[in-house]
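The structure appears below as structure tokens.
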Amino acid sequence: MLVILKIVKDLIKHDKRFSVGLFVILIVLSLAILSFFSPYGPTVRRVVSRNLLPSFEHPLGTNSLGQDIFWKLTYAIRNSLILGILVSLISRIIATANGLLSGYVGGTTDRILSTITGSFIVIPRLPILILLSFSLRERMSILTLVIILAVLDWAWPSKRYRAQVLSLREREFTYTAVFSGMNTFKVVFKEHFLFLIPYMMADLISGFLWAIAMEITLSILGLSALATPTIGTMIYWANYHQALLRGVWWWISPPIIIAVLTVVALYMLSSSISEYLDPRTRLQRIGVKA
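Taking our numbering, I'd label the letters of the sequence shown as residues 4 to 293.
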């Protein structure tokens with residue numbers, strides 16, 4: 004935890020992109036928290052007058068279903084963030100366990116795990132995702148979508164973690180740990196895992212970004228859990244009810260704006276952390292020429 008706090012503090016101090024991205028994400032999180040104070044349920048209809056323009060009473064107006072768009076958006080943001088967090092955590096847990104064991108144990112175990120990892124890397128994720136979502140569209144739920152996305156997003160991080168562990172395995176502290184009687188589990192998760200934490204930070208954010216982007220894509224195509232409010236399903240239902248053609252622009256605009264801001268902010272966070280971990284950019288920050 005101290006390592007993470009140090010990295011965040013350093014990034015805020017030296018990288019404006021990280022500060023801006025963090026600020027936007029905090030605003031988005033605040034909107035998600037507001038959903039717990041909503042006077043309306045997430046799926047109820049006809050609770051307010053329809054198609055009202057934004058006003059003091061309804062900051063983002065109302066839609067054709069008689070829903071307050073602001074409060075609907077808070078639920079959508081909350082569900083999208085929960086989905087992104089779950090996908091990112093599950094996929095990175097799989098990636099970490101696989102990368103650590105594959106890199107340290109080696110031999111047959113490494114060959115088997117590397118083959119499995121390589122198979123998932125070469126799979127075209129978007130076509131497979133669309134195919135699975137189409138096949139399961141009648142039974143699609145947020146949990147099902149989380150599992151599908153997590154299964155498709157662990158391979159690349161796992162490959163990076165394996166490469167790191169292969170290097171750590173030859174370090175002197177690893178030999179010392181082995182000679183002191185530590186078993187494989189303790190060496191891997193007590194000695195090597197700590198070195199992966201900074202890289203996991205960047206990967207968690209990139210996985211979070213990918214999950215939200217894929218959910219929005221599938222929802223717009225009508226292949227997500229459409230009954231659950233998310234940023235993507237808000238856009239889908241606004242299109243379904245022809246919000247733009249009917250002049251109800253305030254129905255479709257908020258989720259699109261939030262989607263763009265969230266994706267851009269997450270990209271800024273991910274890229275700034277990745278550059279921070281790159282030795283060349285770290286040397287440039289302290290004034291040393293490569």
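By construction, the Cβ of each residue, glycine as well, lies at the ideal position given by its N, Cα and C atoms.
| Item | Value |
| --- | --- |
| By Cβ distance, which residues of its chain are closer than 8 Å to Phe137, with the 5 residues on each side in sequence left out? | Leu226 |
| Under the assumption that Pro42 contacts Arg95 (Cβ atoms under 8 Å), give the Cβ distance between them as a whole number of angstroms. | Contact flag wrong, Cβ pair sits at about 37 Å. |
| Drop a sphere of 10 angstroms on the beta-carbon of Ala214, count the other beta-carbons inside from all chains shown, and report buried for 16 or more, exposed for fewer. | buried |
| Looking at Leu25: is its Cβ nearer than 8 Å to the Cβ of Ile261? | no |
| For Thr120, does the three-state DSSP call read helix, strand or coil? | helix |
| For Ile200 and Gly121, what's the separation of their Cα atoms in angstroms? | 23 Å |
| Which residues share a DSSP beta bridge with Asp71? | Thr65 |
| Skipping 5 residues on each side, what residues in its chain have a beta carbon closer than 7 Å to that of Leu63? | Pro57, Ile72, Phe73, Leu76, Trp253 and Pro257 |
| Runs of 4 residues minimum, wholly inside the region 110 to 193: which ones carry the alpha helix (DSSP H) assignment? | 110 to 125, 128 to 138, 145 to 154, 158 to 171 and 175 to 182 |
| If we count the other Cβ atoms within 10 Å of its Cβ and call it buried at 16 or more, is Pro130 buried or exposed? | exposed |
| Determine the closest residue to Pro45 out of Gln70, Leu139, Val266 and Leu8, with distance taken between C-alpha atoms. | Gln70 |
| In chain order, what are the residue ranges of uninterrupted beta strand (DSSP E) at least 3 long that sit wholly in the region 25 to 68? | none |
| Check whether the Cβ atoms of Phe198 and Leu171 lie closer than 8 Å to each other. | yes |
| Assign Ala295 to one of three DSSP states: helix, strand, or coil. | Residue 295 falls outside the range modelled here, since the chain spans only 4 to 293, and no answer is possible. |
| Quick check: the region 216 to 226 against the region 164 to 183, are at least 3 beta-carbon pairs closer than 8 Å? | no |
| Return helix, strand or coil for Leu226, following the three-state DSSP convention. | coil |
| Using only the alpha-carbon positions, how far apart do Tyr107 and Lys162 sit? | 13 Å |
| Can you name, in chain order, every residue of its own chain whose Cβ lies under 7 Å from the Cβ of Ser273, other than the five neighbours on each side? | Ala205, Ile208, Ser209 and Leu212 |
| I'd like to know whether the C-beta atoms of Val154 and His195 end up nearer to each other than 8 Å. | no |
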